[in-house]
Amino acid sequence: MRTVDSLSLPLGVGQPVGLIHALGERTDWERLDILGAMLVDFYSLFDHPGVFLKSMFFGPAERIYRDFGRNISFIPADFRRFARVAQRHNARVVSTMATPPDSDGWMSLSLHAGANTAELAEAAADPDRLVIVETSAAFPHTLGLDSHYEHRLHVDEVDVICESGRSPVVLEDGPVTEVERAIAAHAQQFIRSGATLQTGFGSIPSTIATALAESDLGDFGVHSEMFTTGLYKLHQAGKVTNARKGQFQGYSLATFAAGTPDLYAWLDGNSEVRFAPVELVNSPEHIADNDHMVTINGAISVDLWGQVTADSIAGHQFSGIGGHEDFVSGGGLQSDDRSLICLPATASVGGELVSRIVAQLDPMSIVTTPRHQIDVVITEFGAAELSGKTTQERAAALAGIAHPQFRDQLLETVHIR
């Protein structure tokens, strides 16, 4: 790579970690512009004053780099539009993680299809651009859909292949709390056998999937941006048939996977799960094609209007928009679809208990998903069904699932809605 250059990286598990660490050993960067999302490691590369990262999804690394004054900035974009952003940035170098080539020279894109598959193809066809692939036998070989979405690269399409022994980042499920169990119990009332499921990032969606694996329900389909350890457990319990879905029957569909080593081992060569680009997986039309689509996502805060903040805290970027609104909106286009926003009723801030159901969002808050998209909000104290209700009815329902310590204060504001 040149001392003045540009690099495009995939989200999270698709990143070539070894390559990024190697780039950090160089000290001659005059200007390196990097486009990426959700770094999965800490890199000396971003300590260099000539390196600039534009991220479309913050993880812990981005937040720490930002707080230490590194050249980190955020691009607001939902996951479905990452590909468009990447095309506009038109980085000279495009890189990804993959499995080692098979006997025919094909490398599976493994845990990530995401938003850079088109960018990889365009860069491969452009003699002025460079495609670098890091390969590791520790990554599972996964499958795409068909000739249009093969989820693989051939060695002839790639300029540079670098080998490493790196394993995928592990996201272990922590101990399940009583709050998470209560939320999962409330969520189950909106899920019936034969439903098609999407579960977002975080412990609560994973807890719900695990609870479903232990329930009497079954015959599920999976159409989910992220394939999680919870969804793996649902498969292992024999609860997934994918027989009642719309266009993508017979297999679970995802655009990336992240979780435990057991999940990664199970995915290796497994035709029960297929990976496709995010613009297909997160298309509201494809989501709505599924019978009884139930989407399960988290939030940081919800106000009594029903507005959801899910990616920032008091104006400071915390995570990213991701597929939040894609699945909230796509899971509401048919009468039997349900969209569940799940969050604990409270948080501890500076040792003080604060409500996450609020009369109005903080003036610096940024709305992730607008009120008219929201169907059901769930805390450990119950479920508030908002769709089709007036502003006053919605506010009263939301106040009713707040922590009892804050409920009366919230109810006092309902009349202004």
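Start counting the sequence shown at 1; every next residue gets the next number (this note's numbering). Built from N, CA and C at the ideal position, the CB exists for glycine as well.
Reduced DSSP secondary structure (H/G/I, E/B, other) of residue i
{"i": "residue 17", "result": "helix"}
{"i": "residue 418", "result": "Absent from the structure is residue 418, since the part of the chain shown begins at 1 and ends at 417."}
{"i": "residue 205", "result": "helix"}
{"i": "residue 362", "result": "coil"}
{"i": "residue 372", "result": "helix"}
{"i": "residue 64", "result": "helix"}
{"i": "residue 191", "result": "coil"}
{"i": "residue 379", "result": "strand"}
{"i": "residue 184", "result": "helix"}
{"i": "residue 157", "result": "helix"}
{"i": "residue 220", "result": "strand"}
{"i": "residue 317", "result": "strand"}
{"i": "residue 402", "result": "coil"}
{"i": "residue 92", "result": "coil"}
{"i": "residue 147", "result": "coil"}
{"i": "residue 309", "result": "strand"}
{"i": "residue 343", "result": "coil"}
{"i": "residue 130", "result": "strand"}
{"i": "residue 329", "result": "helix"}
Residue closest to residue i, alpha-carbon to alpha-carbon, out of the options
{"i": "residue 176", "options": "257, 375, 403, 205", "result": "205"}
{"i": "residue 237", "options": "13, 211, 316, 141", "result": "211"}
{"i": "residue 359", "options": "74, 394, 127, 164", "result": "394"}
{"i": "residue 349", "options": "336, 314, 147", "result": "314"}
{"i": "residue 392", "options": "412, 370, 69", "result": "412"}
{"i": "residue 148", "options": "318, 383, 275", "result": "275"}
{"i": "residue 247", "options": "70, 179, 52, 291", "result": "291"}
{"i": "residue 4", "options": "52, 47, 17", "result": "52"}
{"i": "residue 329", "options": "356, 318, 357, 296", "result": "296"}
{"i": "residue 188", "options": "410, 383, 407, 390", "result": "383"}
{"i": "residue 173", "options": "233, 166, 142, 162", "result": "233"}
{"i": "residue 32", "options": "38, 9, 17, 41", "result": "9"}
{"i": "residue 270", "options": "77, 374, 140", "result": "140"}
{"i": "residue 43", "options": "16, 178, 56", "result": "16"}
{"i": "residue 103", "options": "76, 301, 155, 266", "result": "155"}
{"i": "residue 241", "options": "225, 213, 263, 261", "result": "213"}
{"i": "residue 138", "options": "304, 316, 262", "result": "262"}
{"i": "residue 367", "options": "59, 77, 35", "result": "77"}
{"i": "residue 158", "options": "326, 126, 183, 25", "result": "126"}
{"i": "residue 245", "options": "74, 268, 287, 235", "result": "287"}
{"i": "residue 499", "options": "336, 264, 146", "result": "The question about residue 499 has no answer, for the chain in this structure spans 1 to 417."}
{"i": "residue 26", "options": "60, 267, 1, 34", "result": "1"}
{"i": "residue 171", "options": "399, 132, 13, 400", "result": "13"}
{"i": "residue 101", "options": "63, 185, 142, 61", "result": "142"}
Residue j beta carbon less than 8 Å from that of residue i
{"i": "residue 340", "j": "residue 294", "result": "yes"}
{"i": "residue 111", "j": "residue 153", "result": "no"}
{"i": "residue 256", "j": "residue 114", "result": "yes"}
{"i": "residue 227", "j": "residue 169", "result": "no"}
{"i": "residue 229", "j": "residue 259", "result": "yes"}
{"i": "residue 91", "j": "residue 277", "result": "no"}
{"i": "residue 121", "j": "residue 107", "result": "no"}
{"i": "residue 7", "j": "residue 95", "result": "yes"}
{"i": "residue 254", "j": "residue 219", "result": "no"}
{"i": "residue 80", "j": "residue 279", "result": "yes"}
{"i": "residue 196", "j": "residue 231", "result": "no"}
{"i": "residue 85", "j": "residue 130", "result": "no"}
{"i": "residue 70", "j": "residue 47", "result": "yes"}
{"i": "residue 397", "j": "residue 410", "result": "no"}
{"i": "residue 338", "j": "residue 375", "result": "yes"}
{"i": "residue 345", "j": "residue 354", "result": "no"}
{"i": "residue 343", "j": "residue 303", "result": "no"}
{"i": "residue 38", "j": "residue 68", "result": "no"}
{"i": "residue 183", "j": "residue 357", "result": "no"}
{"i": "residue 326", "j": "residue 317", "result": "no"}
{"i": "residue 164", "j": "residue 18", "result": "yes"}
{"i": "residue 371", "j": "residue 306", "result": "yes"}
{"i": "residue 352", "j": "residue 179", "result": "no"}
{"i": "residue 323", "j": "residue 282", "result": "yes"}
{"i": "residue 41", "j": "residue 61", "result": "yes"}
Per DSSP, cross-strand counterpart(s) of residue i
{"i": "residue 46", "result": "Beta-bridge pairing links residue 46 to no other residue."}
{"i": "residue 78", "result": "322"}
{"i": "residue 34", "result": "7, 53"}
{"i": "residue 135", "result": "98, 163"}
{"i": "residue 112", "result": "256"}
{"i": "residue 106", "result": "154"}
{"i": "residue 385", "result": "376"}
{"i": "residue 352", "result": "349"}
{"i": "residue 390", "result": "Answer is none; residue 390 lacks a bridge partner."}
{"i": "residue 170", "result": "259"}
{"i": "residue 410", "result": "None; residue 410 has no bridge partner."}
{"i": "residue 338", "result": "294"}
If we require 3 or more residues per run, which beta strand (DSSP E) segments fall completely within the stretch 224-305? 252-254, 273-275, 293-298, 301-303
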